[in-house]
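K.L.:
Pasting a structure below so you can have a look.
4 protein chains.
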Amino acid sequence: MTLWAGRLTETDAKVRLFCDSFPFDRRLYAADIAGSIAYAKALARTGILSFEERQAIVRGLEQVLAEFKLGAFVVSPGDEDIHTAVERRLTELLGEELAGKLHTGRSRNDQVATDLRLWLLGELPGIADRIRDLQGALVEAAEKHLGVLMPGYTHLRQAQPILLSHWLMSYFWRLSRDRERLEGLKERLSVLPLGAGALAGNPWGIDREYLARELGFSRCSENSLDAVSDRDYVAEFLFFSALLGVHLSQLAEDLILFSAPEFGFLELSEAYVTGSSLMPQKANPDPLELIRGRAGRLIGNLCGFLSVLKGLPSGYNKDLQEDKEPLFFAVDTLKLALPVLSGVVRTLKVNRNRSEGGLREEALATELADYLVEKGIPFRAAHRAVGKAVRRALELGVGLRSLPLEEYRAAHPAFGEDVYRVLDFRQAVERRNSPGGTAAARVREQIEKAKELLRKEEEDGEVS
Amino acid sequence: MTLWAGRLTETDAKVRLFCDSFPFDRRLYAADIAGSIAYAKALARTGILSFEERQAIVRGLEQVLAEFKLGAFVVSPGDEDIHTAVERRLTELLGEELAGKLHTGRSRNDQVATDLRLWLLGELPGIADRIRDLQGALVEAAEKHLGVLMPGYTHLRQAQPILLSHWLMSYFWRLSRDRERLEGLKERLSVLPLGAGALAGNPWGIDREYLARELGFSRCSENSLDAVSDRDYVAEFLFFSALLGVHLSQLAEDLILFSAPEFGFLELSEAYVTGSSLMPQKANPDPLELIRGRAGRLIGNLCGFLSVLKGLPSGYNKDLQEDKEPLFFAVDTLKLALPVLSGVVRTLKVNRNRSEGGLREEALATELADYLVEKGIPFRAAHRAVGKAVRRALELGVGLRSLPLEEYRAAHPAFGEDVYRVLDFRQAVERRNSPGGTAAARVREQIEKAKELLRKEEEDGEVS
Amino acid sequence: MTLWAGRLTETDAKVRLFCDSFPFDRRLYAADIAGSIAYAKALARTGILSFEERQAIVRGLEQVLAEFKLGAFVVSPGDEDIHTAVERRLTELLGEELAGKLHTGRSRNDQVATDLRLWLLGELPGIADRIRDLQGALVEAAEKHLGVLMPGYTHLRQAQPILLSHWLMSYFWRLSRDRERLEGLKERLSVLPLGAGALAGNPWGIDREYLARELGFSRCSENSLDAVSDRDYVAEFLFFSALLGVHLSQLAEDLILFSAPEFGFLELSEAYVTGSSLMPQKANPDPLELIRGRAGRLIGNLCGFLSVLKGLPSGYNKDLQEDKEPLFFAVDTLKLALPVLSGVVRTLKVNRNRSEGGLREEALATELADYLVEKGIPFRAAHRAVGKAVRRALELGVGLRSLPLEEYRAAHPAFGEDVYRVLDFRQAVERRNSPGGTAAARVREQIEKAKELLRKEEEDGEVS
Amino acid sequence: MTLWAGRLTETDAKVRLFCDSFPFDRRLYAADIAGSIAYAKALARTGILSFEERQAIVRGLEQVLAEFKLGAFVVSPGDEDIHTAVERRLTELLGEELAGKLHTGRSRNDQVATDLRLWLLGELPGIADRIRDLQGALVEAAEKHLGVLMPGYTHLRQAQPILLSHWLMSYFWRLSRDRERLEGLKERLSVLPLGAGALAGNPWGIDREYLARELGFSRCSENSLDAVSDRDYVAEFLFFSALLGVHLSQLAEDLILFSAPEFGFLELSEAYVTGSSLMPQKANPDPLELIRGRAGRLIGNLCGFLSVLKGLPSGYNKDLQEDKEPLFFAVDTLKLALPVLSGVVRTLKVNRNRSEGGLREEALATELADYLVEKGIPFRAAHRAVGKAVRRALELGVGLRSLPLEEYRAAHPAFGEDVYRVLDFRQAVERRNSPGGTAAARVREQIEKAKELLRKEEEDGEVS
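Put into structure tokens, the structure is as follows:
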């Protein structure tokens, strides 16, 4: 029997199949029951429930919770969503005379919004921890391999030599922004909708501040109509996850490339590669590829949900039920993908021979231009002169270190014997010692800052 | 034990959790087994399998199929995907000496592409039928209510009167284009990848034309490298489903609006509305709202998958595993949503009093302009003159039929006593008798064409 | 002549046509020149430029700026982007001997990132102001019409009566969250990339803290490799704009619906509607529809850009050039759309007769259930009983106020003569007096809070 | 003065700025005028225009067309869209008495739909040609380099050796599917909406078949309400362009990778790379990166437009104006990007030393498994045995050709002296001679089929 059996005849079976959300929203059970317990207490404070009724309802709800936790909850055909299922079971346990009071002044509209926020609030620490763990893995690796050179790329062409640790740390900072965004959205998430009723508010003098405290929300929503239809927190989380997914995809791309034999700077642990059903030699970076691919779906997830929201009229509309599956997908994906990447980073082998041996002499061309600048040549002219020298070296099929001095001089008369001294990869790295640059001291600075940040976060326990 | 146990040590457990596709690709079992049976037969034709081996393998595969169908298939922890699961079970049944021959020259790359195409080919008729059924429902309703007037809207403002059947039929033609797109993609879907191996082709002289015939494909892929990474058919189906979803969302929007009491032209059957947990009076068009919302997710689904494909390098990449869940989501959504809409349309009540009574006299303004045109006034001047008359009627707070003749004459001297004769809703409808217009004869024409189309489709059984 | 004429031969003409960004990035000229002036000063502090050289370069750049501002800048065929164009012109003015020094240690990679951030920082106040202006318009309207009732909707069906001001204020709070998000992203935007060079940092001892101060950034980027490829701020702004766009689309949808004659609660000023080329009576809410539609494109904009970023390898890649057009589109759209909506809200006429007269008695069904609850009936039973009464009223074709007492009693014996007293729209509104509810006092509270917020923002001048 | 000056007061200036489409829809001028000329002729056939009037209007329109073509068209502040602009100018030329008759029975709703379809129909041949040109470039390159080996990749790890021409041809077939999709959408595009009026049809007995013939459409729309709001052809073209963009992005990705020095199989012509402002050595594949990035925006474009359409109610809504910019963006992008890629392919240098020298011996592991299969070992066992051998070779740091026979025998006793004979790259290629395989004869077959296809298309001139 549906909740509205008085008013309407039975719903068509295929409508039920299409509309019921219990198959996926059942995972909200703990949040739903916590919300109901708090609401029962609040109802008792208004006198709608007596103390004994309150106690009985709380005990009943705790039993339903236990049944869910133990896998002992028996689904009934009428359980269209988690709220209905819990209420139905509570009614079985307590009788309608008692259980039927719980929904006084409450609507599934404010209830589901409360459940979803509560559930997501509960997931944030786990996600924050996993980001922090990946950040930690990056810092450890950066610290461990400090000193190893590698080619820095732009346009996937060697640009200038950098420290491998500098490359690793570049991902630390991206994740750091993701952490900031997570903090930001948490504030907007931690707003209690309960007490908004269907859309117009609660008529029973319910104490919403009390409810917020009981459930761990920071504050109450300001407008009941907004409260029941606001899904900004879902959209914002989906954006957070899409952009974090993009960052992970970029790290995955780098790892796939740099561990390909053609680059060979890195080696992935065998625990993070998989084989082929046909080709016996294969060791494929499957998890990394999947992380890259998953980022695409996280983007689609966000964009699809925004499209759901677009142009909706005021008040709760059933379209909003489409918030859950995308949200669950995003949370599940992050919780699985982040540890995989942490594991990859923690088990990464650096092949210093390849990463340093793979440096190409052209990557020192800027050093030559800077050399001319130090001789007083304006940079633009120096750049052009070195361009000629590079071209000449290509024509002769030699590297910049082997290009004869007369060729350098033909490119620009200011070149002198000392030109060969600047053609040094490590020196090129060390020269870039502006704050944030790749010089070893600067990278060490980054690492220290990063460790300090992680330490502080762990202490503060923000989000988590 | 993984397929590549010789080469690699065990994969990390969380990698398995993240990468394994069996939880969702198990539904491909019938396609996978059909593909393997055909492949076993083809291997026998090359001599790699003896006739007895072929028979044993086919029987073994049929048993695995039966186990899946009966729900008796027991999953093993190593079953990372449907291909591995089937091969593992076959090995248990037949021993590796025999079962181990089946994968000769085949890769999961060509195997999964074959499975997915085969599965989708099998789903097309069911989708085509459901579209046709909705089209049929629209035609029936259009035929039944032929003659009922309603306001035609642009910008959600009454524009001109139309036949309600004309409105209904407008959705028939949208769906008709969806059917055409389905036909088009079917051609590109019905291309066999099997025999492409991992990427380079099959070295055992396998007869691909035979395989195509056995499995019901129209032709073989032309290039093995393309064959294993081509997911155009997925993208194309996702687009088809997104645009069909958009059409359904538009019909849903119209139905939600026109059945709202403020419009009241239509009434939804109680079997297709649901109630509220708080407000006893509610009869909400939930399924229609969900169809509207679901369109948003179908869009995100498409866009996410295109984003997965973007910038992938040649050959199979694991990112492509992200093709399945979006595809399954799209197919499932269409199979559930289409019948719901058919049901809504079939059980729709038309409230003629409201749909005709709700017509506003301003919707006849174009008749007035046309009246002046017939008196020889250029349309642009006639339009301006009628604009003035409409404004005057608004100022006086009267409808166009009650606006005094002197007011009409003040707007344009060509207005005469006969002006009131053109202020007739049905006549306005009947005047629009160009092909495709809303005049009753033209709408009947549409209905006949539509019925002819449906009849022909059923006979031809294209797609289905 | 290109910047790299020494190294490479001329680029193909169609490549230039495809790749050149000057047609759209020229609007960054002021930011580009400001960045160059700051950089010239910083170079002078390191001794690379003499004081005289610095002065000459700054003067030269100021002249180029003036030329842009006056529309006197003459484009040259080689001007592929704004940076090249400015450098080319500066070289014409000062000669290469001097102008050629400006780019020392700088790359277009850190330059363009600086330009874009600087430009966007400059746009934020204008956007914040426009949001605040729309918020102000909503508050004014809410204050002006306080007391007017309207139907509150869920599922586009009348749910419960609310105050029209409550509905208006619901949009205030949505925009308030948008403002918070804008503050949050501003922090991450205000980070200086200049000094990151091409990817590895600056080798000339440039003082980045000085640069940050000169240009008004809050802090310096921590990692040069991250700095040149980070486009999180673009993605975050595009998300902000897409979600704000969604909010505007929802307000637009409500305004379109509620001003449709079938609802008729609101009337749009003629300044915000447009007519038809054919139908003289039309007054279409074009700007509102366009705002609704534009939200769709803002969503696509976001999703497209995230897709651009997905899977990019480390360092600057040319793909990142695709950041500008989406960003410009988002900024331009918001700057045009927000004032249009403010204008619509400020000129809105409320048709109290229609908004109050349109209330349907079923919208009081919850009052009946609450009435029974007060008589001690558990809510669920009360809900069912009222459902029956509603159904009976429908069958009899009467409103709830006209349903005879015996019918009420048939639904539930606890109904008494006093039942008709609760069937009052205003009383229903006033009962919902929990914080955030629609009772007049609560809405007045909201309005006061909102005014306080706006006042504080104006004083603090955050963002702006 | 607006078209609706009689009815409404002036529109707000910022509304005009936001809503006017002339800045971007002016490029439809030729289609708009062609449509008007045809409509004038059709009006003359009904008697609404006399022969002289028809002639005068046609001449007037031809003059307006000439003014546009010569850049002599002077915009007036009231020109909100191309239709208004043309009508305004025609009125200036002919007077309203005459020009004012042209819009009789026509609405901008059917007019703009006609314009956009006509314009797009006119663009298709140019796009088809450019696809064909790129296909031609691929076939030429495949023919030219037939015989060159390269590593075939899966998961960006060497899988099996293939012919470089096989890789090139894999893109031919992708484009071939794009061509098919273009044909398919052309059919649905070539449907005339003119005569649908605002939404209800044309009341003047206009001959729509005549209009279709005059304008080159294949058939007339079946339902006027559908006709004015149908934008399926836009969505379908945007999907076509997004998927084509994805294909181009994949080709670009391969070209970027394989021309990176770390791979080095290919060399890009200097005409298709650009340099760095800072690093003199750089030769960046900018155009290819931009093509890759642009694919992301084409995806966003599609998804944004679908989101615009989602949930729109019946009839024309102003949201539909958002169709033009995405469509223009897609057409412009394809017209610029395709020739760039053709140029890249046509000027590609193949570095055979690197592409063949870069082959790694592991890529022959499947040959070893196949060797065992030929000795009667079931494939799965063979696979495992070879996996062990590969692992052993890795441990010993030797290639498969240098792995001692005893090691092979340790992996599987069936290995014999002849094992080394199968370790041959070309032989591995030649063995894969199933249809669509990489064996030279099969690739030559592909090339011949492809050339035949191109030849046939050119003759048929379908689309183009």
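Protein sequences appear in the order of chains A, B, C and D.
Position 258 of the first sequence, counted from 1, bears residue number 258 in the working numbering, the numbering being contiguous throughout.
Position 328 of the second sequence, counted from 1, bears residue number 1328 in the working numbering, the numbering being contiguous throughout.
Position 260 of the third sequence, counted from 1, bears residue number 2260 in the working numbering, the numbering being contiguous throughout.
Position 388 of the fourth sequence, counted from 1, bears residue number 3388 in the working numbering, the numbering being contiguous throughout.
The beta-carbon is built from N, C-alpha and C at its ideal position, and this holds for glycine as well.
What separation, rounded to the nearest whole angstrom, lies between the Cα atoms of isoleucine 1057(B) and leucine 1065(B)?
P.N.:
Taking the second sequence and counting its residues from 1, the one referred to as residue 1057(B) is at position 57. Taking the second sequence and counting its residues from 1, the one referred to as residue 1065(B) is at position 65. Straight-line Cα distance between these residues: approximately 12 Å.
K.L.:
Using the Cβ count rule (16 or more neighbours within 10 Å means buried), how would you classify proline 3413(D)?
P.N.:
Residue mapping note: residue 3413(D) aligns to position 413 of the fourth sequence, counting from 1. Its Cβ having fewer than 16 others within 10 Å, proline 3413(D) is exposed.
K.L.:
Which residue's Cα is closest to the Cα of leucine 1168(B): Leu3238(D), Ser3434(D), Arg3188(D), Pro3313(D)?
P.N.:
Residue numbering aside, residue 1168(B) sits at position 168 when the second sequence is read from its first letter. It is Pro3313(D).
K.L.:
Compare the C-alpha of glycine 315(A) against each of Leu225(A), Ile162(A), Asp254(A) and name the closest.
P.N.:
The sequence position of residue 315(A) within the first sequence is 315, counting from 1. Here the closest residue by C-alpha is Leu225(A).
K.L.:
Give me whichever residues DSSP pairs with lysine 1349(B) in a beta bridge.
P.N.:
Within the second sequence, numbered from 1, the residue matching residue 1349(B) stands at position 349. Beta-bridge pairing links lysine 1349(B) to Glu1267(B).
K.L.:
What are the partner residues of cysteine 220(A), as DSSP defines its beta bridges?
P.N.:
Counting from 1 along the first sequence, the entry for residue 220(A) is found at position 220. In DSSP, cysteine 220(A) forms a bridge with Leu192(A).
K.L.:
State buried or exposed for glycine 3100(D), treating a residue as buried only when at least 16 other CB atoms are found within 10 Å of its CB.
P.N.:
Numbered from its first residue, the fourth sequence carries residue 3100(D) at position 100. With 16 or more other Cβ atoms within 10 Å, it is buried.
K.L.:
So with CB distances below 8 Å, who are the chain D contacts of lysine 1449(B)?
P.N.:
The residue you call residue 1449(B) lines up with position 449 of the second sequence. By Cβ distance, chain D contributes Glu3222.
K.L.:
With three or more beta-carbon pairs closer than 8 Å as the criterion, would you say the region 158 to 178 of chain A touches the region 429 to 440 of chain A?
P.N.:
They touch, by the three-pair rule.
K.L.:
If you measure from the beta carbon of aspartate 2232(C) to each beta carbon in chain B, is any gap under 9 Å?
P.N.:
The residue you call residue 2232(C) lines up with position 232 of the third sequence. So, not an interface residue.
K.L.:
If you follow the alpha helix (DSSP H) that proline 3287(D) is part of, which residue opens it and which one closes it?
P.N.:
Here residue 3287(D) is taken as the residue at index 287 of the fourth sequence, counted from 1. Counting along the chain, the alpha helix (DSSP H) containing proline 3287(D) begins and ends at 3286 to 3309.
K.L.:
Quick check on this structure: which residue in Arg3442(D), Val3340(D), Leu3094(D), Asp3319(D) has the alpha carbon closest to the alpha carbon of asparagine 3109(D)?
P.N.:
As a first step, residue 3109(D) must be located in the fourth sequence, where it is residue number 109. Taking only the C-alpha atoms, the option nearest asparagine 3109(D) is Asp3319(D).
K.L.:
What separation, rounded to the nearest whole angstrom, lies between the Cα atoms of lysine 1456(B) and arginine 3455(D)?
P.N.:
Start at 1 with the first residue of the second sequence, and residue 1456(B) comes out as number 456. Start at 1 with the first residue of the fourth sequence, and residue 3455(D) comes out as number 455. Cα to Cα, lysine 1456(B) sits roughly 35 Å from arginine 3455(D).
K.L.:
Quick one: what's arginine 2157(C) bridged to in DSSP?
P.N.:
For the purposes of this step, residue 2157(C) is taken as the residue at position 157 of the third sequence. BP columns for arginine 2157(C) point to Thr2154(C).
K.L.:
At 8 Å on the CB atoms, spell out the chain D contacts of lysine 310(A), in chain order.
P.N.:
Position 310 of the first sequence, counting from 1, holds the residue named residue 310(A). Simply Ser3307, Lys3310, Gly3311.
K.L.:
Which term fits glycine 197(A), buried or exposed, when burial requires 16 or more other beta carbons within 10 angstroms of its beta carbon?
P.N.:
Here residue 197(A) refers to the residue found at position 197 when the first sequence is read from its first residue. Buried, because 16 or more other Cβ atoms sit within 10 Å of the Cβ of glycine 197(A).
K.L.:
So if DSSP puts phenylalanine 1048(B) in a beta bridge, which residue, or which two residues, is it bridged to?
P.N.:
Position 48 of the second sequence, counted from the start, is the residue given in the question as residue 1048(B). Checking the sequence shown, residue 1048(B) turns out to be isoleucine, not phenylalanine. According to DSSP, isoleucine 1048(B) bridges with nothing at all.
K.L.:
Using the rule of at least 16 other Cβ atoms within 10 Å of the residue's Cβ for burial, across every protein chain shown, is glutamate 1236(B) buried or exposed?
P.N.:
Mapped onto the second sequence, residue 1236(B) falls at position 236. With 16 or more Cβ atoms within 10 Å of its Cβ, glutamate 1236(B) is classed as buried.
K.L.:
Taking the DSSP output, what are the residues bridged to leucine 2163(C)?
P.N.:
For this step, residue 2163(C) is matched to residue 163 along the third sequence. Bridge partners of leucine 2163(C): Leu2149(C).
K.L.:
Give the C-beta separation of leucine 3189(D) and leucine 3215(D) to the nearest angstrom, bearing in mind that I take them to be a contact with Cβ-Cβ under 8 Å.
P.N.:
Numbered from 1 along the fourth sequence, position 189 holds the residue referred to as residue 3189(D). Numbered from 1 along the fourth sequence, position 215 holds the residue referred to as residue 3215(D). That belief does not hold up - the Cβ atoms of leucine 3189(D) and leucine 3215(D) are roughly 12 Å apart, past 8 Å.
K.L.:
With hydrogens ignored, establish whether the beta-carbon of leucine 215(A) is closer than 8 Å to any heavy atom of the ligand GDP.
P.N.:
No copy of the ligand GDP appears in this structure; indeed no ligand is present at all.
K.L.:
In chain order, what residues of the region 275 to 288 of chain A put their CB closer than 9 Å to some CB of chain B?
P.N.:
Under the 9 Å Cβ criterion, the region 275 to 288 of chain A contributes Gly275, Ser276, Ser277, Leu278, Met279, Pro280, Gln281, Lys282, Ala283, Asn284, Pro285, Asp286, Pro287, Leu288.
K.L.:
Take the Cβ of alanine 1295(B) as the centre, count every other Cβ of all protein chains shown within 10 Å, and call the residue buried at 16 or more, exposed below.
P.N.:
Residue 1295(B) sits at position 295 when you count from the first residue of the second sequence. Under this definition alanine 1295(B) is a buried residue.
K.L.:
Within a Cβ cutoff of 7 Å, which residues of the same chain sit near lysine 2451(C), ignoring the five residues on either side of it in sequence?
P.N.:
On the third sequence, residue 2451(C) is found 451 positions in, with the first residue counted as 1. Val2139.
K.L.:
Could you please give me the residues that DSSP links to threonine 1274(B) through a beta bridge?
P.N.:
Here residue 1274(B) is taken as the residue at index 274 of the second sequence, counted from 1. Bridge partners of threonine 1274(B): Asn1284(B).
K.L.:
In chain order, what residues of the same chain have a beta carbon less than 6 Å from the beta carbon of valine 2386(C), not counting five sequence neighbours either side?
P.N.:
Here the question's residue 2386(C) lines up with position 386 in the third sequence. Ala2365, Leu2368, Ala2369, listed in sequence order.
K.L.:
Compare the C-beta of alanine 2381(C) against all C-beta atoms of chain A and say whether one is closer than 9 Å.
P.N.:
Taking the first residue of the third sequence as position 1, residue 2381(C) is located at position 381. Closer than 9 Å to some Cβ of chain A, the Cβ of alanine 2381(C) qualifies, so yes.
K.L.:
With C-beta atoms as the reference, is leucine 2302(C) less than 9 Å away from serine 2229(C)?
P.N.:
Working through the third sequence from its first residue, we reach residue 2302(C) at position 302. Working through the third sequence from its first residue, we reach residue 2229(C) at position 229. Contact: no.
K.L.:
For methionine 2279(C), which of helix, strand or coil comes out of DSSP?
P.N.:
Here residue 2279(C) refers to the residue found at position 279 when the third sequence is read from its first residue. Methionine 2279(C) falls in the coil class under three-state DSSP.
K.L.:
Would you mind sorting proline 280(A) into buried or exposed? The rule is 16 or more other CB atoms within 10 Å of its CB.
P.N.:
If you number the first sequence from 1, residue 280(A) lands on position 280. Buried, because 16 or more other Cβ atoms sit within 10 Å of the Cβ of proline 280(A).
K.L.:
With DSSP as the reference, label glycine 2060(C) as helix, strand or coil.
P.N.:
Counted from its first residue, the third sequence places residue 2060(C) at position 60. The answer is helix: DSSP assigns glycine 2060(C) an H, G or I state.
K.L.:
Which residues in chain C sit within 7 Å of threonine 104(A), going by Cβ to Cβ distance?
P.N.:
By one-based count along the first sequence, residue 104(A) stands at place 104. Ordered by position in chain C, the residues that pass the 7 Å Cβ test against threonine 104(A) are Val2373, Phe2379.
K.L.:
Residues in the same chain with beta-carbon distance under 7 Å from tyrosine 3371(D), minus the five sequence neighbours each way, listed in chain order, please.
P.N.:
Locating residue 3371(D) in the fourth sequence gives position 371, where the first residue counts as 1. Hits under 7 Å: Val3419, Val3422.
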